[in-house]
Structure formats: structure tokens, C-alpha cells
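Visitor: According to my numbering, the stretch in the sequence shown is residues 2 to 131, in order. Yeah, the Cβ is synthetic: ideal placement off N, Cα and C, and Gly gets one too. Below: one structure in C-alpha cells.
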Amino acid sequence: MHLKAIDIKERLLGPEDYEVALSVGHLASLYNYDMKLYEQAEQLYLRSIAIGTKLFGEAYSGLEYDYRGLLRVSMEMNKTNQVLRYTRVLEEWRQLRQRSLREGHDASPFTFCVCKVPPEDIYTYVTSLR
């Protein structure tokens with residue numbers, strides 16, 4: 002079901018949309034914590050991180066979950082070098098995030114202005130996105 006949702010979102014919104022990154026991250030967590038498909042989870046976390054970083058920058062709050070997921074995947078796969086690497090990456094992200102918040106920058110998908118579309122124009126707007 003997650004794969005189908007990702008496919009639909011990619012076709013409607015594009016492969017590097019925020020909603021796609023969320024779904025990819027959720028599937029990575031499912032693979033990681035419930036299904037123990039660590040290699041697949043790792044690839045999905047990396048994709049989610051790439052999208053989030055591109056859209057919102059390296060201090061984006063949502064990256065924490067993906068970095069924690071990668072850390073767990075690395076531990077479960079007994080990849081000591083990767084555990085050390087992602088521990089360092091997570092700490093660097095924390096420092097960057099704290100600095101960003103101190104400077105008043107909130108790398109969040111909800112800080113931008115959304116244009117309002119009147120209900121009668123929604124169909125026209127949505128069909129023009131193709």
C-alpha cells in the first residue's frame with residue numbers, strides 16, 4: 002500500500018515533493034522496525050534525506066527521523082563504520098538545527114506562504130498542473 006501511495010504521489014506531485022519524502026520515510030521505517038528489511042530501508046532513508054535536504058536545507062527538522070533510522074539500520078546490520086558515521090551526522094545535524102533556530106530560521110515545510118484558490122477555481126487549478 003505504501004508503494005502504491007508513493008507511486009501516486011510521484012505521478013501527481015513529482016518525485017521530489019515533500020509528500021513523496023514523507024511516504025518514502027514512512028516506508029523506510031516500516032521496513033526498518035517491523036519487517037527487518039534493512040538494506041531497502043537504508044535506500045529509502047537516503048532518498049527521503051535527499052528530498053528533504055533539497056527542499057528545506059540541511060537543518061530541516063524532519064531529517065532527524067531519517068538519520069535516526071539510518072543509525073538503527075546500521076546497528077542492526079552490524080556496520081560499525083556506518084554507525085560511527087551516522088552518529089556523527091546526527092550530532093552535526095543537531096548543532097546545525099540549534100544554530101538555525103537561534104538565528105530565527107525554521108527549516109520547516111510549513112513556513113512558506115500558501116496561495117489561496119477559491120473553491121470554484123480548484124478544478125481548473127488542479128488540471129493545469131499536468
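What is the DSSP secondary structure of H106, counted as helix, strand or coil?
Guide: Position 105 of the sequence shown, counted from the first residue, corresponds to residue 106. In this structure, DSSP gives H106 a state outside helix and strand, which the three-state scheme calls coil.
Visitor: Can you look up A22 in the DSSP assignment and give me helix, strand or coil?
Guide: Within the sequence shown, the letter at position 21 stands for residue 22. In this structure, A22 counts as helix in the three-state DSSP scheme.
Visitor: Within 10 Å of its beta-carbon, does G58 have 16 or more other beta-carbons around it, so buried, or fewer, so exposed?
Guide: In the sequence shown, the residue the question calls residue 58 occupies position 57. It counts as exposed.
Visitor: With H, G and I counted as helix, E and B as strand and the rest as coil, what does DSSP make of M2?
Guide: Here residue 2 corresponds to residue number 1 of the sequence shown, with the count starting at 1. The answer is coil: DSSP assigns M2 none of H, G, I, E or B.
Visitor: Our contact map puts I50 next to V21 with C-beta atoms below 8 Å; I'd like the distance itself, whole angstroms only.
Guide: For the purposes of this step, residue 50 is identified with residue 49 of the sequence shown, where counting begins at 1. For the purposes of this step, residue 21 is identified with residue 20 of the sequence shown, where counting begins at 1. Not confirmed; about 13 Å, so no contact.
Visitor: Rounded to the nearest angstrom, how far is the Cβ of L29 from that of G70, given a contact under 8 Å?
Guide: By 1-based counting over the sequence shown, the position of residue 29 is 28. By 1-based counting over the sequence shown, the position of residue 70 is 69. In the sequence as displayed, the identity of residue 29 is Ala instead of Leu. With 8 Å as the limit, A29 and G70 qualify as a contact, their Cβ atoms being about 6 Å apart.
Visitor: Kindly indicate the opening and closing residues of the alpha helix (DSSP H) around G58.
Guide: In the sequence shown, residue 58 corresponds to position 57, counting from 1. Run containing G58: none; DSSP gives neither H nor E here.
Visitor: Where in the stretch 59-106 do unbroken runs of the alpha helix (DSSP H), each at least 4 residues long, occur, reported from the N-terminal end onward?
Guide: 64-77 and 81-103
Visitor: Near E65, which residues of its chain fall below 7 Å by C-beta distance, leaving aside the five closest residues on each side in sequence?
Guide: In the sequence shown, the residue the question calls residue 65 occupies position 64. W94.
Visitor: Taking the beta carbon of V127 as the centre, do at least 16 other beta carbons fall within 10 Å, making it buried, or is it exposed?
Guide: As a position in the sequence shown, residue 127 is number 126, starting the count at 1. Looking at its Cβ environment, which holds fewer than 16 other Cβ atoms inside 10 Å, V127 is exposed.
Visitor: Taking 8 Å as the threshold (C-beta atoms), are Y46 and D18 in contact?
Guide: Residue numbering aside, residue 18 sits at position 17 when the sequence shown is read from its first letter. Residue numbering aside, residue 46 sits at position 45 when the sequence shown is read from its first letter. No, these two residues do not count as a Cβ contact at 8 Å.
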